[in-house]
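One structure is given below, encoded as structure tokens.
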Amino acid sequence: MRENEVWETKPRFFVQFFAIVVVFVLAKRRILYKIKLGLKTMRITILHDEKEIGARVAEIFVRLLNEKPNAVLGFATGSSPLPIYAELVKACRSGRISFREATSFNLDEYLACPDKKQTYRYFMDENLFSQIDIRESFTYFPSPKHPESYDEAIEKAGGVDLQLLGIGRDGHIGFNEPGAAFDSKTHIVTLTPSTLEANARFFDDDPKKVPTKAVSMGLGTILKAKHIVLIADDPSKKEAITKLMSHQEDISSPATVLNRHSNVDVFLSESVLR
Ligand code: GLP
């Protein structure tokens, strides 16, 4: 009689035990997922305009350089970073910061640029480097000869502490166009018609004058930065920003790769989401 009871309760016990294990695993996964999501959620700040973005983001650089004078900085080109660079010039001139011990790595550079004045090296020299105390030999740009050696150089310098990013209308960051591999290293890219058109404003408004190729940090390279700050101040970026904020990775909108990073700040002007 007692033996029978044992045999009757045994299967029930196993079913109950199995159900408890399943519930526990699912709950744990959900909790872990929530924690993961919580850790990876980017911080989004909406400010009035590009001037406010400039002042706020410049303060992040100021704080970093004061804490770590030999910081490794990742710079971007385009119109959006200009107010930040203007603030950094002011901060350097007034003695609030120094770039003397800093190193910088720019995101990207055109290939076969017909006019030296259109290169990103020239842009950075004009708008920042010539007006601050950074050592020129410590300002790096990717080279088409050995693109991947850029990743090695960044690593050797200790990795990027703070990476500034703009965003293209099609969601590109650096020159990583839609479809770029999320784990890519520095590589040569072919620019899309949308980017050629967007950047034509720097080339007499003629998309045909924009170089069709560039060398860019890869998405994998960018993800290695310790802190990433992405800025956008133009309504033409609305779609790309909306995709970024949906927290879904989407290979057709490269900036969404930032959802994989745990330390991202996004600064937007009110006009972007209007
Ligand atoms: C270029 C640069 C990007 C930059 C983008 C947006 O394509 N390669 O790094 O983010 O332009 O530029 P803007 O800030 O002018 O809108």
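The numbering of the sequence shown is our numbering, which starts it at 1140 and goes up by one.
Backbone N, C-alpha and C fix where the C-beta goes; we use that ideal spot for every residue, glycine too.
Using a C-beta cut-off of 8 Å, the stretch 1271-1286 makes contact with the stretch 1239-1251, since at least three inter-stretch Cβ pairs fall below that distance.
Secondary structure note for D1404: its beta strand (DSSP E) is the uninterrupted segment 1403-1408. For K1376, the secondary structure class from DSSP, reduced to helix, strand or coil, is helix. Per the C-alpha coordinates, the member of L1267, I1271, G1305, T1381 positioned closest to S1233 is I1271.
Under the DSSP definition of a beta bridge, F1214 partners with N1245. In summary, A1251 is exposed, with fewer than 16 beta-carbon neighbours lying within 10 Å of its beta-carbon over all protein chains present. Within the DSSP secondary-structure output, L1301 pairs in a beta bridge with L1212, H1366.
Between the alpha carbons of H1366 and K1207 lies a gap of roughly 14 Å. Of the heavy atoms belonging to ligand 1, at least one sits nearer than 8 Å to the Cβ of T1216.
Not one heavy atom of ligand 1 sits closer than 8 Å to the Cβ of T1381. A distance below 9 Å separates the beta carbons of G1298 and K1363. Taking the Cβ of G1307 as the reference point, at least one heavy atom of ligand 1 falls within a distance shorter than 8 Å. With fewer than three CB-CB distances shorter than 8 Å, the stretch 1316-1335 does not count as touching the stretch 1371-1379.
Under the criterion of beta carbons closer than 8 Å, G1307 and A1210 do not qualify as touching, at roughly 26 Å. Within 10 angstroms of the beta-carbon of Q1387 lie fewer than 16 other beta-carbons, which makes it exposed.
Close CB contacts of D1188 within its chain, under the 8 Å cut and outside five residues either way in sequence, are with D1372, S1408, E1409, S1410 (chain order). At a cut-off of 4 residues, the continuous stretches assigned as alpha helix (DSSP H) that sit fully inside the stretch 1297-1342 are 1332-1338. Counting the other CB atoms within 10 Å of its CB gives N1315 a total of 16 or more, which places it among the buried residues. DSSP, reduced to helix, strand and coil, places A1251 outside both helices and strands of the structure shown, so it counts as coil. Distance from the CA atom of N1402 to the CA atom of D1343, rounded to whole angstroms, is 38 Å.
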